[in-house]
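Trainee: Take a look at this one; I'll ask things after.
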Amino acid sequence: MKVSVNLQLKGTTYYAARELLKNKFLKSGVELRLEHQHENPHDKNAVAVLVKKSGEMLGHISRHLAPKYSKLVDAGKIIEASISNVSHTKYYVWINVDITYELTDADLEERHNSLLWKSASS
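In our numbering, each number is its position in the sequence shown, counted from 1, plus 2.
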């Protein structure tokens, strides 16, 4: 089963986002790739988001979602990722991304056995 989500990147001020925005390259539809940064000293589950074509880093998936997405990246379950929206001020750049991934049968079963699913379906 394919699942699509929209997430806002974190840490964009530390990477290439401002420069890419200035050069009018940062726009909706730009293809991205996710990379699990196993050796990240701040978070072993860190997932970097990079421009697919150039490899320039834009930011990270948020820390609380990183464990889920690092597993998806490692399992090769990310189908596609792209920029959905970019907004900015003088100091900040906000980047929202669309990510589509494959949900495994085990994940589906776990989701259907969860208390939240059972309470929502009753």
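Ideal Cβ positions, reconstructed from N, Cα and C, are used throughout, including at glycine.
Could you say which of 89, 47, 57 and 20 lies nearest to residue 69 if we only look at CA atoms?
Mentor: Among 89, 47, 57 and 20, the Cα nearest to that of residue 69 is on 47.
Trainee: Can you list the beta strand (DSSP E) stretches of 3 or more residues lying completely in the stretch 48-116, in chain order?
Mentor: With a minimum length of 3 residues, the continuous beta strand (DSSP E) runs that stay inside the stretch 48-116 are 49-53, 59-62, 80-90 and 95-104.
Trainee: Go ahead and label residue 66 buried or exposed: buried means 16 or more other beta carbons lie within 10 angstroms of its beta carbon, across all protein chains shown.
Mentor: Exposed: under 16 other Cβ atoms inside 10 Å.
Trainee: In angstroms, rounded to a whole number, what distance separates the CA positions of residue 59 and residue 14?
Mentor: Cα to Cα, residue 59 sits roughly 9 Å from residue 14.
Trainee: Taking its Cβ as the centre, do 16 or more other Cβ atoms sit within 10 Å of residue 103, making it buried, or is it exposed?
Mentor: By the 10 Å Cβ count, residue 103 comes out buried.
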